Amino acid sequence: MLDLDYGPPTKDVLRFDQTVPIKGLASQQSNYVDRAIRRIESAPLGPDITLIPRTNTTGQNGISIPKATFFMDQDPLSGSVIEHAKVVYRSEAVAQEAMADANAMSINIGLNYACYLRDGIIFPTILSETTIPNLMPYIRQKRDQDLADLKATADLAEALAWWYVGARFPIKVSPGTGTGRLIVASGRTLSTEEMVIAQMLVNEGRTVRALAASSRQGVRTADFIVDGVRTELKSISNLTSRDISGALGRRILEGAGQAPHVIADVRQQAGMTWDLAQRAIRRAFGADTARRIQQIRIIGRNFDTTVPRLP
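With the first letter of the sequence shown counted as 1, position 90 gets the number 90 in UniProt numbering; the numbers rise by one all the way through.
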């Protein structure tokens, strides 16, 4: 007899057992973020925007959101047919996992985003004009005030964008001397993508050591040690999300546990631009609150830039 595996039921994939009860749409609840905030605070060079709920009269317990999380100028949901969420997950992690699993299993639930509860406030997983139409103009206004307060700073807009996530200015990679060295550990075979990047680093005059995979179950090692620093390589060409910068940022974050330096080769990724790459770097740094990633380099078709984190 042939057993057919159809996968887990939809209710399990969507984790309905990890939701909180509501009546009606999530966006219609009195504690939905677009309805529940009375004040916005931020420091011009700080990484977060702090939202002060209406229920908090003292202003001492605001909710801090990384500035790079807000889609202030480009809405990834613009032009989409929006089905508003009717469930609220207990945490952002659960909401993101449910959406990711549904997309991976091609389960059409009619949703472009999910909602979750944080500190008593309902948040959407995408913060944009579509999901927070009342709040977004005030977020932009606060951003513009921060820029105006620092008008005298050279290259202000770019400096502020990187400072928001604790990163330095982008550093252009200069042509190398060609005097580097490649050392491949016994038993390690480099893929075509790895060899291309390794040779590029060698041509820059760097010493590159390709590490063998860990023999310990569940333990992943970095791909390389470059000039004495563990470095993880991400060759990325299959991003299909409408939010390309967000998808790239998440792929970069995958390397956080293996190495402090991450190199992302996006030359084969359709639709990738330097503007999207910059946003991905800011989002990755902003989400890496443990500061595991210390430097990100993105190599595109017509750009190659390294961004170190501020000490």
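A virtual CB, placed ideally from N, CA and C, is assigned to each residue, including glycine.
This structure is a prediction, so every number in the text was calculated from the model and none was measured.
Exposure label - residue i; buried when at least 16 CB within 10 Å
i	result
residue 312	There is simply no residue 312 to check, as the chain begins at 1 and stops at 311 in what is shown.
K67	buried
E254	exposed
residue 312	Any question about residue 312 goes unanswered here, given that the chain covers just 1 to 311.
S128	buried
A270	exposed
A210	buried
L201	buried
S91	exposed
F71	buried
G59	Reliability of the predicted coordinates at G59 is poor, the pLDDT of 49 falling under 50, and the value obtained from them is presented with this limitation in mind. The residue in question, G59, is exposed, as its Cβ has fewer than 16 Cβ neighbours within 10 Å.
I183	exposed
F16	exposed
Q74	exposed
A154	Residue placement at A154 is flagged as unreliable, the pLDDT there being 45, under the threshold of 50; a coordinate-derived value is accordingly withheld.
P137	exposed
R282	buried
R143	buried
G62	buried
G286	buried
G180	buried
R206	buried
L48	It is worth fixing the name first, because residue 48 is Asp in this sequence and not Leu. With 16 or more Cβ atoms within 10 Å of its Cβ, D48 is classed as buried.
D248	Position check: residue 248 holds Leu in this sequence, whereas Asp was assumed. Per the 10 Å Cβ criterion, buried.
L51	buried
Q258	buried
A114	buried
Q278	buried
L2	Residue placement at L2 is flagged as unreliable, the pLDDT there being 36, under the threshold of 50; a coordinate-derived value is accordingly withheld.
L14	buried
F224	buried
The alpha helix (DSSP H) enclosing residue i, as first and last residue numbers
i	result
T192	T192 to N203
R35	V33 to A36
Supposed close pair residue i, residue j - CB separation, criterion 8 Å
i	j	result
R267	I299	6 Å
A280	S245	4 Å
K86	L25	6 Å
Y116	T125	7 Å
I252	A284	4 Å
A212	A185	4 Å
D227	N134	Not confirmed; about 50 Å, so no contact.
R230	P76	In fact, because the Cβ distance is near 33 Å, the residues do not count as touching under 8 Å.
D265	I197	6 Å
A256	R309	Incorrect: roughly 12 Å between the Cβ atoms, too far for contact.
I121	P53	6 Å
L233	E194	6 Å
First through last residue of the beta strand (DSSP E) which encompasses residue i
i	result
F123	I121 to P124
F224	F224 to V226
R118	C115 to R118
V208	T207 to A210
L182	R181 to V184
V66	Going by the sequence as given, residue 66 is Pro instead of Val. From DSSP, the beta strand (DSSP E) with P66 extends over I63 to P66.
D48	D48 to P53
Quick one: complete alpha helix (DSSP H) runs, 4+ long, within the region 231-303? Fully enclosed alpha helix (DSSP H) runs of 4 or longer: 244-253 and 274-287.
Count Cβ pairs between the region 26-45 and the region 92-99 that sit closer than 8 Å; are there 3 or more? no
Quick one: any contact between the region 15-29 and the region 37-50, if contact means 3 or more CB pairs under 8 Å? Because the criterion of three Cβ pairs below 8 Å is not met, the region 15-29 and the region 37-50 do not touch.
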